[in-house]
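K.L.:
Starting off with a structure, shown below.
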Amino acid sequence: MATQTIAPEAVGVNLKVGHAADAAENPEWLNQFYAKGWTVVPEAVSREKALAYADRGYDWLESWNLGFDRNDRATYKTEKLPWYARSGLYARYGVGHEQFVWDIRSEPGVIGPFEKIWGTNKLLVSFDGVNLSIPEKERPKTHPMFAPWSHVDQSPLRRYFDCVQGIVNLLPNGPQDGGLMVLEGSSQYYNELWDKFEHKKPAEGWHEWAQQNVDEEMCQWLETKGCKWVKVCAQPGDLLLWDSRCIHYGAAPSSTNNRFAAYVCYKPADMVPDDIKKWRSELWAKKEGTTHDPAAPRHKPRLPPDDHASYAEAVRRPLQDPVLTDRAKQLAGLVAY
Numbered sequence: 048m049a050t051q052t053i054a055p056e057a058v059g060v061n062l063k064v065g066h067a068a069d070a071a072e073n074p075e076w077l078n079q080f081y082a083k084g085w086t087v088v089p090e091a092v093s094r095e096k097a098l099a100y101a102d103r104g105y106d107w108l109e110s111w112n113l114g115f116d117r118n119d120r121a122t123y124k125t126e127k128l129p130w131y132a133r134s135g136l137y138a139r140y141g142v143g144h145e146q147f148v149w150d151i152r153s154e155p156g157v158i159g160p161f162e163k164i165w166g167t168n169k170l171l172v173s174f175d176g177v178n179l180s181i182p183e184k185e186r187p188k189t190h191p192m193f194a195p196w197s198h199v200d201q202s203p204l205r206r207y208f209d210c211v212q213g214i215v216n217l218l219p220n221g222p223q224d225g226g227l228m229v230l231e232g233s234s235q236y237y238n239e240l241w242d243k244f245e246h247k248k249p250a251e252g253w254h255e256w257a258q259q260n261v262d263e264e265m266c267q268w269l270e271t272k273g274c275k276w277v278k279v280c281a282q283p284g285d286l287l288l289w290d291s292r293c294i295h296y297g298a299a300p301s302s303t304n305n306r307f308a309a310y311v312c313y314k315p316a317d318m319v320p321d322d323i324k325k326w327r328s329e330l331w332a333k334k335e336g337t338t339h340d341p342a343a344p345r346h347k348p349r350l351p352p353d354d355h356a357s358y359a360e361a362v363r364r365p366l367q368d369p370v371l372t373d374r375a376k377q378l379a380g381l382v383a384y
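Under the numbering used here, the first residue of the sequence shown carries the number 48, and numbering increases by one thereafter.
As structure tokens, this is what we get:
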């Protein structure tokens, strides 16, 4: 994977990714990204600012008035938190448009690595959410939330480099603190994987949206190729990046430490179809969210399931109207390049 070129006809832009001749001039994190399918950009945001963003995450959890108190571990219970998916994935409530989330997206040290990879500063950003994982004492380690949920965030129909995903880490994140698990090297075998396991393809064919589950048999086959599972550890302010073809999942914390992070994904504006740009503008107006890929997003509604305690509060909760910098307006697609 030392050399890889994006097919211009596939993505609509002429960009080279991971050119071998540039390896000596690349920062270490970028060469690791090309070689392994994932990397960590250290101190993309200062530790001080990252911890301040984490405090704003706590503010958001407490603002629901469901009983959660960051200083009282007795309140670390599901019923005292807004509805979330898995261990702490928040994508509803318009959380992707909270001021602190937009402030994170607007950090130059977060945007810069994406500019470096894509070779352009004309980017659009996803309206993705956050991970605010609060370890809950009553959950046994046999609970399904601790099980792996291996997947790729790219359709099997897209057989080329297509997307770079990111996580801005906000709290110290060690081996047992939950977070990103990657099957290192798996992006190199992406096409071979789907060819090998074509018999697992549904009758209607592989779907087009940017996610596909990968079962244990498929992971074991990749391990025979030399791929290995790695728990990515990080400090506050580190930026985690991975190729969307890299098999991964988010592990739930098995320690008593909280895990706070923001999901970020930027793509060249030229890769985003005009109809998607128009739809993104509509979502912005309603302050609703999307999945990770700015060019192929799926909708994340504002309201949670209506049987959850926070549903009524979410209905009443006013939509956020963040104040964006000029750069953030470009990234949102509100101002044309």
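All C-beta atoms in this analysis are idealised placements derived from N, C-alpha and C, irrespective of residue type, glycine included.
What you are looking at is a predicted structure, and each value in this text was computed from that prediction instead of being measured.
Using only CA atoms, which one of LYS124, PRO129 and GLU90 lies nearest to ARG364?
P.N.:
What you label residue 364 is simply residue 317 of the sequence shown in a count that begins at 1. Per the Cα distances, PRO129.
K.L.:
Ends of the beta strand (DSSP E) at GLY386?
P.N.:
Examination of residue 386 is not possible in this model, given that the chain is present from 48 through 384 alone.
K.L.:
With respect to the beta strand (DSSP E) encompassing VAL177, which residues constitute its N-terminal and C-terminal limits?
P.N.:
Reading the sequence shown from its first residue, position 130 is the one you call residue 177. Element bounds for VAL177: 177-180.
K.L.:
How is GLY104 classed by DSSP in three states: helix, strand or coil?
P.N.:
Position 57 of the sequence shown, counted from the start, is the residue given in the question as residue 104. Helix at GLY104.
K.L.:
Got a sec: does the ligand SAM put a non-hydrogen atom nearer than 7 Å to the Cβ of GLN377?
P.N.:
The ligand SAM is not among the ligands present in this structure, which contains no ligands whatsoever.
K.L.:
Three-state secondary structure (DSSP) at THR303?
P.N.:
Mapped onto the sequence shown, residue 303 falls at position 256. Coil.
K.L.:
Roughly how many whole angstroms lie between the Cα atoms of ALA245 and ARG103?
P.N.:
Numbered from 1 along the sequence shown, position 198 holds the residue referred to as residue 245. Numbered from 1 along the sequence shown, position 56 holds the residue referred to as residue 103. Before going further, note that residue 245 is Glu rather than Ala in the sequence given. If I take the Cα positions, the gap works out to 46 Å.
K.L.:
Can you check whether the CB of LEU217 is closer than 8 Å to the CB of ALA101?
P.N.:
Here the question's residue 101 lines up with position 54 in the sequence shown. Here the question's residue 217 lines up with position 170 in the sequence shown. It is a contact, given that the beta carbons lie within the stated cut-off.
K.L.:
Tell me which same chain residues have a C-beta within less than 8 Å of the C-beta of ALA262, skipping the five on either side of it?
P.N.:
Here residue 262 refers to the residue found at position 215 of the sequence shown. This sequence places Asp at residue 262; Ala is not what is there. Here the set comprises SER197 and LYS247.
K.L.:
Return the Cβ separation of ASP340 and ALA250 in integer angstroms, given the expectation that the two are a contact with Cβ distance under 8 Å.
P.N.:
Against the sequence shown, residue 340 aligns to sequence position 293. Against the sequence shown, residue 250 aligns to sequence position 203. No, ASP340 and ALA250 are not in contact; Cβ-Cβ is about 26 Å, not under 8 Å.
K.L.:
From GLN259, LEU240 and SER291, pick the residue whose C-alpha is nearest to that of GLN267; which is it?
P.N.:
Taking the first residue of the sequence shown as 1, we reach residue 267 at position 220. It is LEU240.
K.L.:
Mind checking which residues open and close the alpha helix (DSSP H) that includes GLY156?
P.N.:
Looking up residue 156 in the sequence shown gives position 109. First-last of the alpha helix (DSSP H) with GLY156: 155-165.
K.L.:
Within the same chain, show all residues whose beta-carbon is closer than 7 Å to that of LEU179, passing over the 5 residues directly before and after it, in chain order.
P.N.:
Here residue 179 refers to the residue found at position 132 when the sequence shown is read from its first residue. Once the five neighbours on either side are set aside, the close Cβ partners of LEU179 are GLY104, LEU108, GLY135, TYR137 and PHE307.
K.L.:
So what does DSSP say about LEU330, is it helix, strand or coil?
P.N.:
Taking the sequence shown and counting its residues from 1, one reaches residue 330 at position 283. Helix, per DSSP.
K.L.:
My output table needs one value for ALA132: the three-state DSSP class, helix, strand or coil.
P.N.:
Position 85 of the sequence shown, counted from the start, is the residue given in the question as residue 132. Of the three classes helix, strand and coil, the one that applies to ALA132 here is strand, per DSSP.
K.L.:
Any contact of the segment 276-294 with the segment 108-128, i.e. 3+ C-beta pairs under 8 Å?
P.N.:
The segment 276-294 is not in contact with the segment 108-128.
K.L.:
Could you tell me the distance, in whole angstroms, from the CA atom of GLY213 to the CA atom of PRO155?
P.N.:
Position 166 of the sequence shown holds residue 213. Position 108 of the sequence shown holds residue 155. Distance between the alpha carbons of GLY213 and PRO155 is about 14 Å.
K.L.:
First and last residue of the alpha helix (DSSP H) that includes LEU381?
P.N.:
Position 334 of the sequence shown, counting from 1, holds the residue named residue 381. Premise fails: LEU381 is in no alpha helix (DSSP H) and is neither H nor E.
K.L.:
For PRO352, count the other beta carbons within 10 Å of its own beta carbon; 16 or more makes it buried, fewer makes it exposed. Which is it?
P.N.:
Position 305 of the sequence shown, counted from the start, is the residue given in the question as residue 352. Exposed, since its Cβ has fewer than 16 Cβ neighbours within 10 Å.
K.L.:
Less than 8 Å between the beta carbons of SER328 and GLY380, yes or no?
P.N.:
To locate residue 328, count along the sequence shown from 1; it is residue 281. To locate residue 380, count along the sequence shown from 1; it is residue 333. Result yes, Cβ atoms of SER328 and GLY380 sit closer than 8 Å.
K.L.:
For the segment 227-240 against the segment 73-84, are there 3 or more C-beta pairs whose distance is under 8 Å?
P.N.:
Contact between the segment 227-240 and the segment 73-84 is present, because at least three Cβ pairs lie under 8 Å.
K.L.:
Take GLY176 as the anchor and find which of TRP76, GLU335 and PRO182 has the nearest alpha-carbon.
P.N.:
For the purposes of this step, residue 176 is taken as residue 129 along the sequence shown, with counting starting at 1. GLY176 has its Cα closest to that of GLU335, out of TRP76, GLU335 and PRO182.
K.L.:
Could you name the residues that DSSP lists as bridge partners for GLY297?
P.N.:
Stepping through the sequence shown from its first residue, residue 297 is reached at position 250. Answer is LEU227.
K.L.:
Between LEU366, ILE181, PRO195 and THR372, which has its C-alpha nearest TYR140's C-alpha?
P.N.:
Residue mapping note: residue 140 aligns to position 93 of the sequence shown, counting from 1. Here the closest residue by C-alpha is LEU366.
K.L.:
Beta-carbon separation of SER291 and ASP209 under 8 Å?
P.N.:
Sequence index remark: in the sequence shown, residue 291 carries index 244 (1-based). Sequence index remark: in the sequence shown, residue 209 carries index 162 (1-based). It is a contact, given that the beta carbons lie within the stated cut-off.
K.L.:
Please determine, among TRP76, PRO195, LEU171 and ASN73, the residue with the shortest C-alpha to C-alpha distance to ARG133.
P.N.:
The count along the sequence shown starts at 1 and reaches residue 133 at position 86. It is PRO195.
K.L.:
For a quick check, are the C-beta atoms of ARG349 and THR338 less than 8 Å apart?
P.N.:
Working through the sequence shown from its first residue, we reach residue 349 at position 302. Working through the sequence shown from its first residue, we reach residue 338 at position 291. Cβ atoms of ARG349 and THR338: not closer than 8 Å.
K.L.:
Helix, strand or coil for TYR207 per DSSP?
P.N.:
As a working mapping, residue 207 is identified with position 160 in the sequence shown. TYR207: coil per DSSP, three-state reduction.
K.L.:
Quick check on the DSSP output: the beta strand (DSSP E) that includes GLY275 runs from which residue to which?
P.N.:
On the sequence shown, position 228 is the one that residue 275 refers to. First, the amino acid is wrong: residue 275 is Lys here, not Gly. Its beta strand (DSSP E) spans residues 275-278.
K.L.:
Measuring alpha carbon to alpha carbon, tell me which of ALA342, ILE164, GLU90 and LEU269 ends up nearest LYS324.
P.N.:
Here residue 324 is taken as the residue at index 277 of the sequence shown, counted from 1. Ranking the options by Cα distance to LYS324, first place goes to ALA342.
K.L.:
Rounded to the nearest angstrom, how far is the Cβ of SER153 from that of ARG374, given a contact under 8 Å?
P.N.:
Translated into positions along the sequence shown, residue 153 becomes position 106. Translated into positions along the sequence shown, residue 374 becomes position 327. Going by Cβ atoms, the distance from SER153 to ARG374 rounds to 6 Å, so yes, they are a contact pair.
K.L.:
If contacts are defined as beta-carbon pairs under 8 Å, then ALA70 and VAL215 qualify, I think. What distance do you get, rounded to the angstrom?
P.N.:
For the purposes of this step, residue 70 is identified with residue 23 of the sequence shown, where counting begins at 1. For the purposes of this step, residue 215 is identified with residue 168 of the sequence shown, where counting begins at 1. In fact, because the Cβ distance is near 26 Å, the residues do not count as touching under 8 Å.
K.L.:
How is ASN220 classed by DSSP in three states: helix, strand or coil?
P.N.:
Counting from one through the sequence shown, the residue named residue 220 turns up at place 173. Strand at ASN220.
K.L.:
Would you decide whether HIS66 is buried or exposed? Buried here means 16 or more other CB atoms lie within 10 Å of its CB.
P.N.:
As a working note, residue 66 is residue 19 in the sequence shown. Residue confidence for HIS66 is low, a pLDDT of 47 falling below 50, so the modelled location carries little weight and cannot support an answer.
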